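Asks:
In the working numbering, the protein residues as written are 1296 to 1850.
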């Protein structure tokens, strides 16, 4: 066992002495050491309860004959970090999480790992670490938050964090009072768990299940449901089976399983950030996964489930409808059924018997919302390396759009213009120098997109950026435009009034600038200088690659 490096031989007496200080018994030295990699935090609602999840997982490990050791990583709440300098640290935290897991696992010679993530960058960061370390591992998330409930005019309607961001736009327009906003704010997030819609955290937790790295139920069982603790216990037990089989992450995370994860993503209309993260996970697993392949998958997978922000349904509704196993069973003929999973079974065997229990939440493949997937990658002279849009949350009248550009060099400038109602119907808002290198950190643009939606302009105005969007974003919002402005990408050449053409069904993003004029404008740009000249973000900006390759560190 790997742990023999710290338990066996007279030369390890000092190691054993330190382990005894932790309460490890003589008998434990013959058992596998299992790292319980927890991301508990008291500043992140999705992670506030993870101590209980870890306890259950540790009990499962003990019952299976292992010795559990809980260790921790950092976690960032994207909602709290939104629309201020803190958001620059969100995506970069993914690399810190992966590196910190590698560090503590290698330093302490664990034999196997149970990962406990929940929110946006923690899930992919831990998956990247699992693929990099390639020792037996399994995931169990903290589960989704329940939707809030707002009683008004005798009706009790579901609300969530996205409802609050949208409401800010309505207050700006004078369509809602600040008192009403306060009432909504008080009920939108009723307790622990990852925010209740198909936002980035829940998308990634669902896709971890589809990828084969978590047991059924991982993506949808609510955080407050007793089944969540049971799942954590079962996960602790199952990691011992994964270890006994020497079933490794790279046996599971293959090109076929990544295709499966994208297929489920398309069926659900998940967060655009999933593209960024799955490409990064593929990179760590040594899997070549070119971005155009995402569109090939999107073209053959029907969009069969709409969850907030695309509808009033939430993850709890998806769970009651059968969860991810039911979604996978519905599209089973379109999946790589032989892909391996941590259950020890093939994907087909792990979802066998799953049934759709609510056809309003999970439609049949014969009657989908759309015959193609809910995410699309656009290419063209404005995005030679691609840009990503959540087509599932785009109004039909905005699927094809063209209009004059309104250009802003950072999110704050654009937000001020929107708040002052200076954006006109038909325009295309361009926010640049917000990419991985340019931000630095590729901030989410939930505030400007939510303001536009709340002001009723999401059916009139498009927004494109080399930054990212929250999974809660809706409307014609195109992110990850690559190459980014800071790297001299075409988005840096766009000027106010240039006509931008968006054709989502045709996967096109173009600007009416001829090639000679584009080259002239780009040649005249001053050399990019980062706004950050110290600390982690400076090092991050120097090392990070394009969003089209997952915004991973250049190797």
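Note that the Cβ used here is the ideal one computed from N, Cα and C, for glycine as well.
Computed from a predicted model, the values in this text were never measured in an experiment.
For the beta strand (DSSP E) holding residue 1798, just list the boundary residues, first then last.
Replies: Counting from one through the chain shown, the residue named residue 1798 turns up at place 503. Taken as a continuous stretch (DSSP letters only), the beta strand (DSSP E) holding residue 1798 covers 1794–1798.
Asks: Relative to the alpha-carbon of residue 1757, which residue among 1804, 1739 and 1536 has its alpha-carbon at the smallest distance?
Replies: Position 462 of the chain shown, counted from the first residue, corresponds to residue 1757. Nearest option by C-alpha distance: 1804.
Asks: Out of curiosity, what's the CA-to-CA distance linking residue 1395 and residue 1577?
Replies: Walking along the chain shown from the start, residue 1395 turns up at place 100. Walking along the chain shown from the start, residue 1577 turns up at place 282. When rounded, the distance between both Cα atoms is 19 Å.
Asks: Is it buried or exposed for residue 1650, if we count other Cβ within 10 angstroms and need 16 for buried?
Replies: Stepping through the chain shown from its first residue, residue 1650 is reached at position 355. Answer is exposed; the Cβ neighbour count stays below 16.
Asks: According to DSSP, simplified to helix, strand and coil, what is residue 1576?
Replies: As a first step, residue 1576 is located in the chain shown; it is residue number 281 there, counting from the start. Reduced to three states, the DSSP call for residue 1576 is helix.
Asks: If we call anything under 8 Å between Cβ atoms a contact, is residue 1362 one with residue 1319?
Replies: Along the chain shown, read from residue 1 onward, the residue named residue 1362 stands at position 67. Along the chain shown, read from residue 1 onward, the residue named residue 1319 stands at position 24. Contact flag set, yes.
Asks: What residue from 1792, 1354 and 1675 has the CA that sits closest to residue 1798's CA?
Replies: On the chain shown, residue 1798 is found 503 positions in, with the first residue counted as 1. Among 1792, 1354 and 1675, the Cα nearest to that of residue 1798 belongs to 1675.
Asks: Can you list, in chain order, the residues of its chain with a C-beta nearer than 8 Å to that of residue 1421? Leave out the 5 residues immediately preceding and following it.
Replies: By 1-based counting over the chain shown, the position of residue 1421 is 126. So the list reads 1332, 1334, 1368, 1392, 1393, 1396, 1410, 1412 and 1434, once near-sequence residues are dropped.
Asks: Is it a yes or a no for the region 1806–1815 touching the region 1767–1774, going by three-plus beta-carbon pairs under 8 Å?
Replies: Judged by Cβ distances under 8 Å, the region 1806–1815 makes no contact with the region 1767–1774, as fewer than three pairs qualify.
Asks: Pick out the complete beta strand (DSSP E) segments inside the region 1387–1418, 3 residues or longer, and give them in chain order.
Replies: Entirely contained in the region 1387–1418, the beta strand (DSSP E) runs reaching 3 residues are, in chain order, 1407–1411.
Asks: Give the list of continuous alpha helix (DSSP H) stretches no shorter than 4 residues that lie fully inside the region 1447–1494.
Replies: Runs of the alpha helix (DSSP H) inside the region 1447–1494: 1456–1468 and 1473–1482.
Asks: Taking 8 Å as the cut-off, decide whether the C-beta atoms of residue 1842 and residue 1816 are in contact.
Replies: As a first step, residue 1842 is located in the chain shown; it is residue number 547 there, counting from the start. As a first step, residue 1816 is located in the chain shown; it is residue number 521 there, counting from the start. It is not a contact, given that the beta carbons lie outside the stated cut-off.
Asks: So the alpha helix (DSSP H) residue 1352 belongs to, where does it begin and stop?
Replies: For the purposes of this step, residue 1352 is identified with residue 57 of the chain shown, where counting begins at 1. Start and end: 1345–1358.
Asks: If we ignore side chains and look at the alpha-carbon of each, how far apart do residue 1506 and residue 1349 end up?
Replies: By 1-based counting over the chain shown, the position of residue 1506 is 211. By 1-based counting over the chain shown, the position of residue 1349 is 54. Distance between the alpha carbons of residue 1506 and residue 1349: 22 Å.
Asks: Identify, in the order they occur along the chain, each residue of the same chain with its Cβ nearer than 6 Å to the Cβ of residue 1480, setting aside the five sequence neighbours on each side.
Replies: For the purposes of this step, residue 1480 is identified with residue 185 of the chain shown, where counting begins at 1. So the list reads 1459, once near-sequence residues are dropped.
Asks: Quick one: what's residue 1701 bridged to in DSSP?
Replies: Mapped onto the chain shown, residue 1701 falls at position 406. Paired residue(s): 1724.
Asks: Would you mind reading off the limits of the beta strand (DSSP E) that contains residue 1760?
Replies: Locating residue 1760 in the chain shown gives position 465, where the first residue counts as 1. Counting along the chain, the beta strand (DSSP E) containing residue 1760 begins and ends at 1757–1760.
Asks: Identify which residue in 1701, 1404, 1643 and 1598 has its Cα closest to the Cα of residue 1667.
Replies: If you number the chain shown from 1, residue 1667 lands on position 372. If we check each option's Cα against that of residue 1667, 1598 comes out closest.
Asks: Under the three-state reduction of DSSP, which class applies to residue 1663: helix, strand or coil?
Replies: One-based indexing of the chain shown puts residue 1663 at position 368. Three-state result, residue 1663: coil.
Asks: Could you say which of 1739, 1776 and 1645 lies nearest to residue 1382 if we only look at CA atoms?
Replies: Position 87 of the chain shown holds residue 1382. That would be 1739, whose Cα lies nearest to the Cα of residue 1382.
Asks: By Cβ distance below 7 Å, which residues in the same chain neighbour residue 1370 in space, the five residues on each side in sequence not counted?
Replies: Residue 1370 sits at position 75 when you count from the first residue of the chain shown. Same-chain partners within the cutoff: 1334, 1336, 1339, 1342, 1414 and 1417.
Asks: When you compare the CB positions of residue 1605 and residue 1657, do they come within less than 8 Å of one another, or not?
Replies: Position 310 of the chain shown holds residue 1605. Position 362 of the chain shown holds residue 1657. Not closer than 8 Å, so no.
Asks: At which residues does the beta strand (DSSP E) containing residue 1317 begin and terminate?
Replies: Here residue 1317 refers to the residue found at position 22 when the chain shown is read from its first residue. Segment: none, residue 1317 is in no beta strand (DSSP E) and carries neither H nor E.
Asks: Provide the residue(s) that pair with residue 1773 in DSSP beta bridges, ordered along the chain.
Replies: As a first step, residue 1773 is located in the chain shown; it is residue number 478 there, counting from the start. Looking at the DSSP assignment, residue 1773 forms a beta bridge with 1684 and 1759.
Asks: Nearest-angstrom Cα distance between residue 1768 and residue 1829?
Replies: Here the question's residue 1768 lines up with position 473 in the chain shown. Here the question's residue 1829 lines up with position 534 in the chain shown. Approximately 31 Å between the Cα atoms of the pair.
Asks: Going by C-alpha to C-alpha distance, which of 1509, 1307, 1812 and 1840 sits closest to residue 1574?
Replies: Start at 1 with the first residue of the chain shown, and residue 1574 comes out as number 279. Minimum Cα distance to residue 1574 is reached at 1840.
Asks: Under the DSSP definition of a beta bridge, which residues are partnered with residue 1365?
Replies: Within the chain shown, numbered from 1, the residue matching residue 1365 stands at position 70. Residue 1365 is bridged to 1331.
Asks: In this structure, does DSSP put residue 1324 in helix, strand or coil?
Replies: Taking the chain shown and counting its residues from 1, one reaches residue 1324 at position 29. Three-state DSSP puts residue 1324 in a helix.
Asks: For the 8 Å Cβ check, are there 3 or more pairs between the region 1821–1837 and the region 1721–1737?
Replies: Touching, yes.
Asks: Given that a residue counts as buried once 16 or more other Cβ atoms are within 10 Å of its Cβ, and exposed if not, what is residue 1696?
Replies: Taking the chain shown and counting its residues from 1, the one referred to as residue 1696 is at position 401. It is buried - the Cβ of residue 1696 has at least 16 other Cβ atoms within 10 Å.
Asks: Restricting to runs no shorter than 4 residues, where is the alpha helix (DSSP H) found entirely within the region 1587–1669?
Replies: The qualifying runs are 1587–1595, 1610–1615, 1618–1625 and 1642–1646.
Asks: Kindly list the residues whose CB is nearer than 8 Å to the CB of residue 1627, restricted to its own chain and excluding five residues on each side of it in sequence; keep chain order.
Replies: As a working note, residue 1627 is residue 332 in the chain shown. Contacts found: 1643 and 1646.
Asks: Here's the rule: buried if 16 or more other CB atoms are within 10 angstroms of the residue's CB, otherwise exposed. What is residue 1517?
Replies: Position 222 of the chain shown, counted from the first residue, corresponds to residue 1517. Classification of residue 1517: buried, given that the 10 Å Cβ count is 16 or more.
Asks: So, is residue 1802 buried or exposed, given that buried needs 16 or more other C-beta atoms within 10 angstroms?
Replies: Numbered from 1 along the chain shown, position 507 holds the residue referred to as residue 1802. Burial call: buried.
Asks: Could you spell out where the alpha helix (DSSP H) holding residue 1747 opens and where it closes?
Replies: In the chain shown, counting from the first residue as 1, residue 1747 sits at position 452. That run of the alpha helix (DSSP H) goes 1741–1749.
Asks: So what's residue 1557 in DSSP terms, helix, strand or just coil?
Replies: Locating residue 1557 in the chain shown gives position 262, where the first residue counts as 1. Here residue 1557 sits in helix by DSSP.
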